[in-house]
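Written out below as structure tokens is the structure these notes cover.
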């Protein structure tokens, strides 16, 4: 299930608040006292059976649509009216085998853990994942759950040892490697997560007969207690382990102040890691003060600022819909949520899609430059302007470093060499950022993750590859026009007149030189642009584009923006933003070499 919309009235300090058409990642910000915590309480209470707000829920699994549950795709909950269907559904959320599907998970802001007390494991107590999970397991305070987790992992490890022992007794001739493969170490998946969250650090094995806190090994080979990690590192590990434990899927997960005690890089890593749990089937609601989270995710559309001023109108402002006419709201947000650049590498990226392109670059940058701050500046003209003044900016603002990435659109090798010579600007090797989103294998995986193959069973790797090529062939005329404009701009431009030593010349001399310069430029244009020569160039360029289409080089050379857009609308029939977000996640996980060009640019920075 997921929440589609909520509306809350007269729930102090909230007067009126309405959120609609919610996606899978929602960021809600606001100053202290604006009502974020009360909003969380209202959502939790309503899902627990006390309806203090209007809420629309959407089924995300076929099982939920059955008559015994939602009895359809949509479930409407009204304020003050107990919803028997919702209550019945939530109370049936009891899963064994470590699974937790279709419920509510609450991770509150109080994540301080008291000293843990360890009881001896029960060697005959069995596997804790074989017992039924309580309906309210994730309603409880987070601090209690961490203590429960530490008991759980030691008990599960003991249960594994018992299973191995029983198997040896049962089949004494069985190969030891076979037995170990049948009963994998339950700690291994947590060790892998630990490694990914904290590179260079390795979570060490535990001993169930002597339960104690975790220890880890650092990159120098030192074995250290878990509590020697920074408070932020400990918190990220605890939150992720808590959610991973039950293999949560199709659930609403509310995280209060995810940035608490965390460096912005760790916050981003926490959120991106949480999003992958359950194959992207969960819905996340993050309540935050973090300007960094807002600036990173506002391109998704589901980023809201709660206005504490109770005017009776909707207090939730969707940032993606704010315009210049909302000047007062924008100023209010700026007063409550500052942006800090000191200590950052600022990477300005070209992108007409603004923060959508920014989020793509940001996700890739975290693999290479976790201290980078990616900022989208729109058109290439802005990149050019920024390149002329970046040195002055760096010398004027303490603690920042500036780099730029632009598309290759319309550039030849000589121009690229000139642009890149100062080391601050790099050009993509492909025409647009969208040219990196045309891999049919990843696009098919995206279709599966977004359940597009369920709606469109004909979607296969082959059909996607064929459609991409078909679209590319259909854009031949468009590419010819764009390339012609680039050719003319590069080779046939009108040179603006210049006059040297102007102070030594009369007005008449200056006018004569200007006229002479204009005539020279007109002469060059008229001799270099005769009809036969230009027609021959057009014919040659058309032939070249047709030859490019016979190889995979068209994915570098053709207009990726229009091809990707047409693919999403014609075949996938899905919002390009959702496709791009899933594509980046899957490609970075399954085949990061697809972004090697961008990764190498970042390494050069």
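Residue numbers (this note's numbering): 17 to 621.
Quick reminder that beta carbons are idealized off the backbone N, C-alpha and C, glycines included.
In this text, all values refer to a predicted model and were calculated from it rather than measured experimentally.
Straight-line gap, residue 169 to residue 247 (C-alpha atoms, nearest Å):
Along the chain shown, read from residue 1 onward, the residue named residue 169 stands at position 153. Along the chain shown, read from residue 1 onward, the residue named residue 247 stands at position 231. Taking the straight line from one Cα to the other gives about 21 Å.
Cα separation between residue 378 and residue 312?
For this step, residue 378 is matched to residue 362 along the chain shown. For this step, residue 312 is matched to residue 296 along the chain shown. Cα to Cα, residue 378 sits roughly 8 Å from residue 312.
Output the distance between the C-alpha atoms of residue 21 and residue 334, rounded to the nearest integer angstrom.
Numbered from its first residue, the chain shown carries residue 21 at position 5. Numbered from its first residue, the chain shown carries residue 334 at position 318. About 13 Å.
Look at the alpha carbon of residue 621 and the alpha carbon of residue 385, and state the distance between them as a whole number of angstroms.
To locate residue 621, count along the chain shown from 1; it is residue 605. To locate residue 385, count along the chain shown from 1; it is residue 369. Taking the straight line from one Cα to the other gives about 9 Å.
Mind listing, in chain order, the continuous beta strand (DSSP E) runs of no fewer than 3 residues lying wholly within the region 207-251?
231-233, 239-241
Proximal residues to residue 363 (C-beta, below 6 Å), its chain only, five neighbours per side dropped:
As a working note, residue 363 is residue 347 in the chain shown. Correct list, in chain order: 388, 390, 419.
In chain order, what are the residue ranges of uninterrupted beta strand (DSSP E) at least 3 long that sit wholly in the region 356-437?
List check, beta strand (DSSP E) in window: 361-365, 388-392, 417-422.
Enumerate, from N- to C-terminal direction, the unbroken alpha helix (DSSP H) stretches of 4 or more residues contained entirely within the region 512-592.
523-544, 547-564, 570-573, 576-583
Can you check which of these residues, 185, 232, 182, 138, is closest to residue 216 by C-alpha distance?
By one-based count along the chain shown, residue 216 stands at place 200. Among 185, 232, 182, 138, the Cα nearest to that of residue 216 is on 232.
Mapping the DSSP letters down to three states, classify residue 278 as helix, strand or coil.
Taking the chain shown and counting its residues from 1, one reaches residue 278 at position 262. Coil.
Determine the DSSP secondary structure at residue 600, reduced to helix, strand or coil.
Within the chain shown, numbered from 1, the residue matching residue 600 stands at position 584. DSSP places residue 600 in helix when its eight states are reduced to three.
Here's the rule: buried if 16 or more other CB atoms are within 10 angstroms of the residue's CB, otherwise exposed. What is residue 392?
In the chain shown, counting from the first residue as 1, residue 392 sits at position 376. It is buried - the Cβ of residue 392 has at least 16 other Cβ atoms within 10 Å.
Decide yes or no for the touch test of the region 446-455 against the region 554-572: beta carbon pairs closer than 8 Å, at least 3 of them.
yes
Residue span of the alpha helix (DSSP H) that contains residue 624, given as start and end:
Since the first and last residues shown for the chain are 17 and 621, residue 624 lies out of range.
Name the two residues that bound the continuous alpha helix (DSSP H) containing residue 484.
Here the question's residue 484 lines up with position 468 in the chain shown. In the DSSP assignment, residue 484 falls within the unbroken alpha helix (DSSP H) covering 477-490.
Give me, in chain order, the residues of the same chain whose beta-carbon lies closer than 7 Å to that of residue 530; leave out the 5 immediate sequence neighbours on both sides.
Sequence index remark: in the chain shown, residue 530 carries index 514 (1-based). Around residue 530: 513, 515.
Check this for me: beta carbons of residue 242 and residue 229, under 8 Å apart or not?
For the purposes of this step, residue 242 is taken as the residue at position 226 of the chain shown. For the purposes of this step, residue 229 is taken as the residue at position 213 of the chain shown. Against a cut-off of 8 Å, the Cβ pair of residue 229 and residue 242 comes out as a contact.
Let me make sure I understand the geometry here. Which of 566, 66, 263, 552 has the alpha-carbon closest to that of residue 623?
The first residue shown for the chain is 17 and the last is 621, placing residue 623 beyond what the model contains.
Let me confirm a value: residue 115 is counted as buried when at least 16 other C-beta atoms fall within 10 Å, else exposed. Which label applies?
In the chain shown, residue 115 corresponds to position 99, counting from 1. Residue 115 should be labelled exposed.
Give me whichever residues DSSP pairs with residue 70 in a beta bridge.
What you label residue 70 is simply residue 54 of the chain shown in a count that begins at 1. Note: residue 70 sits in a beta bridge opposite 23.
Classify residue 150 as buried or exposed, calling it buried when 16 or more other Cβ atoms lie within 10 Å of its own Cβ.
By 1-based counting over the chain shown, the position of residue 150 is 134. Classification of residue 150: exposed, given that the 10 Å Cβ count is below 16.
Assuming residue 34 is part of the beta strand (DSSP E), what are its boundary residues?
Working through the chain shown from its first residue, we reach residue 34 at position 18. Where residue 34 is concerned, the enclosing beta strand (DSSP E) stretches over 30-35.
Rounded separation between residue 108 and residue 38 - CA only
Within the chain shown, numbered from 1, the residue matching residue 108 stands at position 92. Within the chain shown, numbered from 1, the residue matching residue 38 stands at position 22. Residue 108 and residue 38: Cα-Cα distance of roughly 25 Å.
Supposed contact pair residue 614 and residue 380 - C-beta distance, whole angstroms, cut 8 Å:
As a first step, residue 380 is located in the chain shown; it is residue number 364 there, counting from the start. As a first step, residue 614 is located in the chain shown; it is residue number 598 there, counting from the start. Yes, residue 380 and residue 614 are in contact; Cβ-Cβ is about 5 Å, under 8 Å.
Under 7 Å Cβ to Cβ from residue 178, same chain only, skipping five residues before and after it: list those, please.
Reading the chain shown from its first residue, position 162 is the one you call residue 178. Excluding residues within five positions, the ones whose Cβ falls inside 7 Å are 139.
Answer with buried or exposed for residue 267, where buried requires no fewer than 16 other C-beta atoms within 10 angstroms of its C-beta.
By one-based count along the chain shown, residue 267 stands at place 251. So residue 267 ends up on the buried side.
Does DSSP put residue 350 in a helix, a strand or coil?
The sequence position of residue 350 within the chain shown is 334, counting from 1. Low confidence applies here, because residue 350 scores a pLDDT of 49, under 50, leaving its location unreliable and the question unanswered by this model.
Assuming residue 276 and residue 255 make a contact with CB atoms under 8 Å, what is their CB distance in whole Å?
If you number the chain shown from 1, residue 276 lands on position 260. If you number the chain shown from 1, residue 255 lands on position 239. In fact, because the Cβ distance is near 10 Å, the residues do not count as touching under 8 Å.
DSSP three-state label for residue 494, please.
Along the chain shown, one-based indexing puts residue 494 at 478. If DSSP states are grouped into helix, strand and coil, residue 494 belongs with the helices.
Start and end of the beta strand (DSSP E) containing residue 41?
As a first step, residue 41 must be located in the chain shown, where it is residue number 25. That run of the beta strand (DSSP E) goes 41-45.
Spatial neighbours of residue 165 within its chain, please: CB distance less than 7 Å, with the 5 preceding and 5 following residues excluded, ordered by chain position.
Translated into positions along the chain shown, residue 165 becomes position 149. Excluding sequence neighbours, residue 165 sits near 257, 258, 261.
Residue from 619, 598, 133, 201 whose Cα sits closest to the Cα of residue 462:
Along the chain shown, read from residue 1 onward, the residue named residue 462 stands at position 446. A check of alpha carbon separations from residue 462 across 619, 598, 133, 201 identifies 598 as the nearest.
Start-end ranges of the beta strand (DSSP E) lying completely within the region 285-314, minimum 3 residues:
299-304
Which one or two residues does DSSP pair with residue 272 in a beta bridge?
What you label residue 272 is simply residue 256 of the chain shown in a count that begins at 1. Residue 272 is bridged to 303.
Beta-carbon separation of residue 132 and residue 163 under 8 Å?
For the purposes of this step, residue 132 is identified with residue 116 of the chain shown, where counting begins at 1. For the purposes of this step, residue 163 is identified with residue 147 of the chain shown, where counting begins at 1. Result yes, Cβ atoms of residue 132 and residue 163 sit closer than 8 Å.
Report the CB separation of residue 24 from residue 55 in whole angstroms; it is logged as a contact under 8 Å.
Mapped onto the chain shown, residue 24 falls at position 8. Mapped onto the chain shown, residue 55 falls at position 39. Correct: roughly 7 Å between the Cβ atoms.
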